[in-house]
Amino acid sequence: PYTATVLQEFDLYREKLNLTGKKLKLSELHLGGGTPTFFTPTELTHLLGGILEHCEIHPDYEFSIEVDPRVTSKEHLEVLKKFHFKRISLGIQDFDPKVQDIVHRIQSVEQVRKITDDARALGFTSVNYDLIYGLPLQTINSVEQTIAHVITLKPDRIAFYGYAHVPWIKASQRRFTEADLPSGDEKRALYERGRELLEKSGYIEIGMDHFALKTDSLSSAVADKTLHRNFMGYTSRNVSPILALGVSAIGDAWTAFAQNEKLLETYT
């Protein structure tokens, strides 16, 4: 039912843009805002097929997706590859078992390695890892160990975000209190140590919270002075307008941003 609703929203856009019976020119497609691979491969096929049948794909296209290593299978990746996806982003946060337990996100290095290897074997050209500093129970040692694992897997990009404590919004954060979190100075030290290790391993710091290998397009965009930042992060180019489909998705209409309803029932 949810994929059908998203496709219905896309139909509304096509109607308003006078594209009924015509092809929408599409250069970028990003699937995220959580874990799209909670969908089955069949559901993903339904969603992506329903969108792309109405699109003309630009020759210089870039399709990317956020995945959870705990629920993503090789079959998921095969479906994504069939629909032209080249970039994949894995949410990791931290590999320390104590940190993983308290934030309720337990996943092994081997799970991450398998998804990374499978994606590369299928021809995905860029792999990104999302890491977080300032998590409860996180220490300099846990950051060092996490980044040591990350370096051996050699993702093309790394997003190293600061943790935001908002338990009134995210119920999962009510399992711990501010007493479990690093202080402001400690949090800064976690980032500085992480940055030091990444730069020693050949990653270039980009903007506030991104790192990339010299071979990645983000690094090239810095050199070419074409780097752009939208509300999803840094990109190697500026693309607009952005059509947003689904619960809480944010679009860019050139002159304004607009966010969809955040509750499923209200959105539907």
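The numbering used here puts the first residue of the sequence shown at 36, with every later residue one more than the last.
Ideal placement from N, C-alpha and C gives every residue a C-beta, glycine not left out.
Simplified DSSP state of residue i, which is helix, strand or coil
i: residue 39; result: helix
i: residue 89; result: coil
i: residue 198; result: coil
i: residue 278; result: coil
i: residue 218; result: coil
i: residue 292; result: strand
i: residue 84; result: helix
i: residue 59; result: strand
i: residue 272; result: coil
i: residue 239; result: strand
i: residue 76; result: helix
i: residue 111; result: helix
i: residue 102; result: strand
i: residue 186; result: helix
i: residue 247; result: strand
i: residue 167; result: strand
i: residue 128; result: strand
i: residue 137; result: helix
i: residue 286; result: strand
Among the options, nearest to residue i - alpha-carbon criterion
i: residue 117; options: 159, 42, 149, 223; result: 159
i: residue 113; options: 244, 281, 208, 75; result: 75
i: residue 202; options: 138, 225, 221, 156; result: 138
i: residue 271; options: 281, 286, 254; result: 254
i: residue 45; options: 289, 300, 277; result: 277
i: residue 25; options: 77, 140, 49; result: Residue 25 lies beyond the stretch modelled for the chain, which goes from 36 to 303, so this question has no answer here.
Cut-off 8 Å between Cβ atoms - residues of its own chain near residue i, not counting five sequence neighbours on either side
i: residue 134; result: 128, 170, 171, 172, 173, 177
i: residue 155; result: 162
Local Cβ density within 10 Å of residue i, reported as buried at 16 or more and exposed below that
i: residue 292; result: exposed
i: residue 123; result: buried
i: residue 275; result: exposed
Beta-carbon proximity list for residue i, same chain, < 6 Å, skipping 5 on both sides
i: residue 79; result: 114
i: residue 81; result: 38
Cβ-based neighbour list, residue i, same chain, cut-off 7 Å, excluding 5 preceding and 5 following
i: residue 87; result: 118
i: residue 130; result: 144, 180, 181, 184
i: residue 214; result: none
Specify whether the region 60-69 and the region 89-109 touch according to this definition: at least 3 beta carbon pairs, one from each stretch, less than 8 Å apart. With three or more CB-CB distances shorter than 8 Å, the region 60-69 counts as touching the region 89-109.
Quick test of the definition: if touching needs 3 or more C-beta pairs under 8 Å, does the region 69-76 touch the region 106-114? With the rule of 3 Cβ pairs closer than 8 Å, the region 69-76 counts as touching the region 106-114.
Is the region 228-248 touching the region 181-197 in the sense that three or more CB pairs, one from each, lie closer than 8 Å? In short, these stretches touch, since the Cβ pair count reaches three.
Is there contact between the region 257-271 and the region 198-213, where contact requires at least three CB pairs shorter than 8 Å? Per the Cβ contact rule, the region 257-271 is not in contact with the region 198-213 (fewer than 3 Cβ pairs under 8 Å).
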